[in-house]
Structure formats: C-alpha cells, structure tokens
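All residue numbers for the sequence shown refer to numbering that gives the first Met the number 0, where the first residue is 0 and numbers rise by one.
Quick reminder that beta carbons are idealized off the backbone N, C-alpha and C, glycines included.
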Amino acid sequence: MKKIPFINGLTVDETGHTLNAMLGTVNATPPDRAPIKKWAKLRLWVGYLYILLAMIFAKPVFFWTIVGIILVIIGVIIRLIASGTLIKDSVLCTTGIYSATRNPLYLGSALIGLGFASLTSSLWFLAGFLFILSPLYWRMIKLEENYLSLLYPGTFDEYRKSVPAFLPRHSSMRSIPGTVDTNLLKKSRELTTSVIVIGLMVILVAIHALWQPC
C-alpha cells in the first residue's frame with residue numbers, strides 16, 4: 000500500500016522505541032467515510048430535536064439554569080479549541096487538547112447536551128441525553144477511531160494507548176497549550192455553530208424567564 004508523509008506529535012511509544020519525532024505515514028487512499036457521514040447526520044438531527052424540545056418544555060430552576068449555562072459555555076469553548084487544532088484527514092492531531100483526550104469535540108458536545116438537560120431542570124431530558132444521545136456519540140467515536148486506525152496504521156494505535164478516549168487526565172490538562180488557528184476555525188464553521196448554540200441557550204433562558212409567574 001502506497002504511503003505518503005504526514006506530521007504528528009508522537010515521539011516515543013511505551014516501549015521506548017522511536018516513532019519518528021515529527022514524521023509518520025498516512026495511507027494515500029483514505030478509507031471510506033460513508034458510514035461516519037451517515038451516523039453524523041443522524042446524530043446532528045437528533046441533537047437539534049433534543050435542543051428544540053428542551054426549548055419548548057423546559058421549566059428552568061435558577062440553580063440548574065446556572066449549572067446549565069456553565070456547562071454549555073465550557074462545552075462550546077472545548078469545541079472551539081479542538082476545531083482550531085484539527086486538520087482533518089491530513090494530520091493526526093496529537094498535541095494541544097488532543098494530548099489530553101482523543102475526542103475533544105465529542106467531549107464538548109456532551110457538555111453542551113448535559114448543559115441543555117440542566118437548563119430544562121428535567122430528569123426526562125437528562126435520561127434522553129444518557130440513553131439516546133450518548134449511545135450515538137459512542138457509536139460515532141468507534142467509527143471514527145476505526146477510520147483513523149486505517150488512515151494512520153500503527154501510529155494511531157500508539158496514540159490510542161497513551162491518551163484517554165473521552166475524559167482527560169488531570170495531569171495532561173495542565174500541559175495543553177492555548178493556541179488556536181483561526182483559519183481552521185473558519186474552515187470548520189465551528190464559530191457559526193457556537194453562535195447558534197449560545198443563541199439558543201439565551202433564547203431558552205429568556206423565554207422561560209419571561210413566562211415565570213411573578
């Protein structure tokens with residue numbers, strides 16, 4: 000199989016063998032992304048429906064509203080940082096936030112989902128997130144990691160051994176550099192998504208605050 004160079008942040012594996020400090024290989028013919036795209040569309044529309052229902056049926060309680068706002072904002076920030084680091088299908092990102100968790104975008108999305116569940120102050124919405132959205136996230140993670148394992152043979156498997164899939168380690172969080180490429184952000188459209196998410200959150204809180212009995 001033909002291979003071409005790519006840049007990565009891996010230096011040494013767990014056995015001490017050099018992985019080639021800044022040079023690895025990527026398959027010249029990428030694996031099929033069709034299954035990923037299919038599940039991504041499903042996850043996207045289920046997520047939109049979840050937020051829409053949250054906006055309609057929410058009955059915010061002050062404490063859980065504050066918790067929800069904090070979770071949504073943290074989730075948005077994590078997604079912005081991750082999107083400003085990720086170069087899809089050409090570089091295996093192993094530095095920055097990707098040195099703390101292999102799936103920072105899904106971590107951010109999970110926090111946003113939990114945030115909207117908190118904003119509703121409803122156990123039903125929390126259950127909906129845990130039993131409907133969460134399985135979709137895990138399915139997407141499995142599909143994408145299988146794809147990356149084929150795209151970056153060997154190297155991704157070493158990366159997977161050293162970095163947790165979802166929840167970052169406390170020690171690794173402290174070493175994350177705060178650099179974000181604005182050009183990558185623009186290409187990913189994450190800024191637009193973030194504005195929409197924050198806007199929906201503000202609308203949800205405002206509507207139900209106005210409808211609260213005096």
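Under a 10 Å Cβ-count criterion, R168 is classified as exposed, with fewer than 16 other Cβ atoms of the shown protein chains found around its own Cβ.
The DSSP-derived three-state label of L91 is strand.
T181: member of the alpha helix (DSSP H) spanning 181 to 187, first to last residue. Scanning G83, W38, C92 for the CA closest to the CA of E157 turns up C92.
Taking the CA atoms as reference points, G153 sits about 18 Å from I140. G198 is classed as exposed because its beta carbon has fewer than 16 other beta carbons within 10 Å across all chains shown. Closest option to L110, judged by alpha-carbon separation, among W44, G67, G74, V162: G74.
In this structure, A57 sits near L118, with a CB-CB distance shorter than 8 Å.
Excluding five sequence positions before and after V45, the CB atoms of its chain that fall closer than 8 Å to its own CB belong to I131, L132, L135, given in chain order.
Within the same chain, I96, P103, L104 come within 6 Å of A81 by CB-CB distance, once the 5 residues on both sides are set aside.
The alpha-carbon separation between F115 and I50 amounts to approximately 7 Å.
Within 10 angstroms of the beta-carbon of P59 lie 16 or more other beta-carbons, which makes it buried. For a cut-off of 8 Å, the C-beta gap from R101 to R159 is around 7 Å, short enough to register as a contact. The Cβ atoms of L184 and G83 sit closer than 8 Å to each other.
By the C-beta density criterion, F61 is exposed, having fewer than 16 other C-beta atoms within 10 angstroms. If you look at G127, you'll find it in the alpha helix (DSSP H) that goes 122 to 127. Nearest Cα to G127 within the set V204, I68, V194, A53: A53. Beta-carbon to beta-carbon, V162 and S98 are separated by about 6 Å, close enough to satisfy the 8 Å threshold. Per DSSP, F115 is one residue of the alpha helix (DSSP H) stretching across 103 to 119.
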